[in-house]
Amino acid sequence: MSDPATSRARLGAAALRIFEAGLAAVDPYEAVTRCLDVQGDSIVLASPGGGERRIDATGFGRIVVVGAGKASARMAQAVEAIVGDRISGGVIAVKTGYTAPLGRVSIREASHPVPDLAGESAAREMLTLLEGADEDTLVIALISGGGSALMPVPAEGITLADKQRTTDLLLAAGADINEINALRKHISGIKGGRLAERAHPASVVTLILSDV
């Protein structure tokens, strides 16, 4: 019969290994490396469900990165490591304190879950970057949990204060994230496909890390 203390120690060690394996499996950097690769002149996108898409990188004079979310800094790190100096520049918005060292993509910190002016400024910086996008541009968009709060561009006739008050009321009412996002896109000038509209006629690839 094994000693109870030894058994507890073994169970504890096994639980720790399981926990660490779980963290590694969902690490944003590793998630991107599983679905993005560069092979020669091709950018290869692998679907988690199987299949792949190949993009001829020589067909683009510019590759820019935009995005937002609590995990977007780690996602951008992976994109920079994989795509390298093909990236012309970019802007991502992260929750304050959720930064990571980047070389070609600029990080902007903002408030979450209630949006703030820093987030709006970051989102408008992304839109300005996309204004120069054309058929010669590939846009890589990185979206993760928290992205909607971190890119708050109010729709016409709506102010940032309106969006902040709306978010406060929804949170106080116990609305879940799906309900909050359903309303957010109707009072936003960037959500609901509008970011992709601003990138047109560029080609857009979106990597989404969802916790919903």
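Numbered per our numbering, the sequence shown spans residues 1345 to 1556. Built from N, CA and C at the ideal position, the CB exists for glycine as well. Just so you know, these numbers come straight off a predicted model, no measurement behind them.
* Which value, in whole angstroms, describes the spacing of the CA atoms of Phe1390 and Ala1546? -> Counted from its first residue, the sequence shown places residue 1390 at position 46. Counted from its first residue, the sequence shown places residue 1546 at position 202. The sequence given here places Ala at residue 1390; Phe does not occur at that position. Each residue's Cα considered, the two are about 21 Å apart.
* Asked: What first and last residue would you give for the alpha helix (DSSP H) that runs through Arg1542?
  -> Numbered from its first residue, the sequence shown carries residue 1542 at position 198. Taken as a continuous stretch (DSSP letters only), the alpha helix (DSSP H) holding Arg1542 covers 1538-1543.
* Asked: Which term fits Val1438, buried or exposed, when burial requires 16 or more other beta carbons within 10 angstroms of its beta carbon?
  -> Numbered from its first residue, the sequence shown carries residue 1438 at position 94. Buried, by the Cβ-count rule.
* Asked: Smallest Cα separation from Ala1477: which of Arg1509, Ala1417, Ala1444, Val1548?
  -> Taking the sequence shown and counting its residues from 1, one reaches residue 1477 at position 133. That would be Val1548, whose Cα lies nearest to the Cα of Ala1477.
* So what does DSSP say about Ile1534, is it helix, strand or coil? -> To locate residue 1534, count along the sequence shown from 1; it is residue 190. Ile1534 falls in the coil class under three-state DSSP.
* Closer than 6 Å by C-beta to Arg1418: which residues in its own chain qualify, once you throw out the five before and the five after it? Chain order, please. => The count along the sequence shown starts at 1 and reaches residue 1418 at position 74. Cβ within range, chain order: Pro1372, Tyr1373, Ala1444.
* **Pro1348, DSSP secondary structure in three states** => On the sequence shown, residue 1348 is found 4 positions in, with the first residue counted as 1. Helix, per DSSP.
* Reference Gly1395; option with closest CA among Leu1380, Thr1402, Val1409, Arg1406 -> The residue you call residue 1395 lines up with position 51 of the sequence shown. Nearest option by C-alpha distance: Leu1380.
* To do: Write down every uninterrupted run of the alpha helix (DSSP H) in the region 1375-1430 whose length is 4 residues or greater and which is fully enclosed by it, in chain order.
  => 1416-1427
* Take the Cβ of Leu1551 as the centre, count every other Cβ of all protein chains shown within 10 Å, and call the residue buried at 16 or more, exposed below. => Counted from its first residue, the sequence shown places residue 1551 at position 207. The residue is buried, with at least 16 neighbouring Cβ atoms inside 10 Å.
* **Expected contact under 8 Å - CB spacing of Leu1486 and Ile1451 to nearest Å** => The sequence position of residue 1486 within the sequence shown is 142, counting from 1. The sequence position of residue 1451 within the sequence shown is 107, counting from 1. Not a contact, Cβ separation roughly 12 Å.
* Asked: Thinking C-alpha only, which one of Glu1453, Leu1482, Ala1467, Asn1525 is nearest Leu1539?
  -> By 1-based counting over the sequence shown, the position of residue 1539 is 195. Cα-wise, what sits closest to Leu1539 is Ala1467.
* Cβ of Val1410 within 7 Å of Cβ of Ser1432? -> In the sequence shown, counting from the first residue as 1, residue 1410 sits at position 66. In the sequence shown, counting from the first residue as 1, residue 1432 sits at position 88. No, the pair does not count as a contact, with Cβ atoms beyond the cut-off.
* Can you check DSSP and say which residues form a bridge with Val1483? => For the purposes of this step, residue 1483 is taken as the residue at position 139 of the sequence shown. The partner list for Val1483 (beta bridge, DSSP) reads Val1408, Val1548.
* For Val1435, which three-state DSSP category applies? -> Along the sequence shown, read from residue 1 onward, the residue named residue 1435 stands at position 91. It is a strand residue.
* Flag this pair as yes or no: are the beta carbons of Leu1474 and Arg1430 separated by less than 7 Å? => The sequence position of residue 1474 within the sequence shown is 130, counting from 1. The sequence position of residue 1430 within the sequence shown is 86, counting from 1. For Leu1474 and Arg1430, no; Cβs fall outside 7 Å.
* Beta-carbon proximity of Ala1375 to Leu1553, cut-off 7 Å -> By 1-based counting over the sequence shown, the position of residue 1375 is 31. By 1-based counting over the sequence shown, the position of residue 1553 is 209. Yes; because the gap between Cβ atoms is below 7 Å, this pair is in contact.
* N- and C-terminal bounds of the alpha helix (DSSP H) containing Ile1521 -> As a working note, residue 1521 is residue 177 in the sequence shown. It spans 1521-1528 - the alpha helix (DSSP H) in which Ile1521 sits, taken as one unbroken run.
* Might you give, ordered along the chain, the residues of its own chain that have their beta carbon closer than 8 Å to the beta carbon of Arg1378, omitting 5 neighbours on each side? => Locating residue 1378 in the sequence shown gives position 34, counting from the first residue. The residues are Ala1390, Pro1392.
* Asked: Are Ala1454 and Gly1447 touching if we call contact CB-CB under 7 Å?
  -> Working through the sequence shown from its first residue, we reach residue 1454 at position 110. Working through the sequence shown from its first residue, we reach residue 1447 at position 103. No, these two residues do not count as a Cβ contact at 7 Å.
* To do: Could you round the C-beta distance between Gly1489 and Lys1535 to whole angstroms and report it? I think they count as a contact, below 8 Å.
  => Counting from 1 along the sequence shown, the entry for residue 1489 is found at position 145. Counting from 1 along the sequence shown, the entry for residue 1535 is found at position 191. About 14 Å separates the two Cβ atoms, so there is no contact after all.
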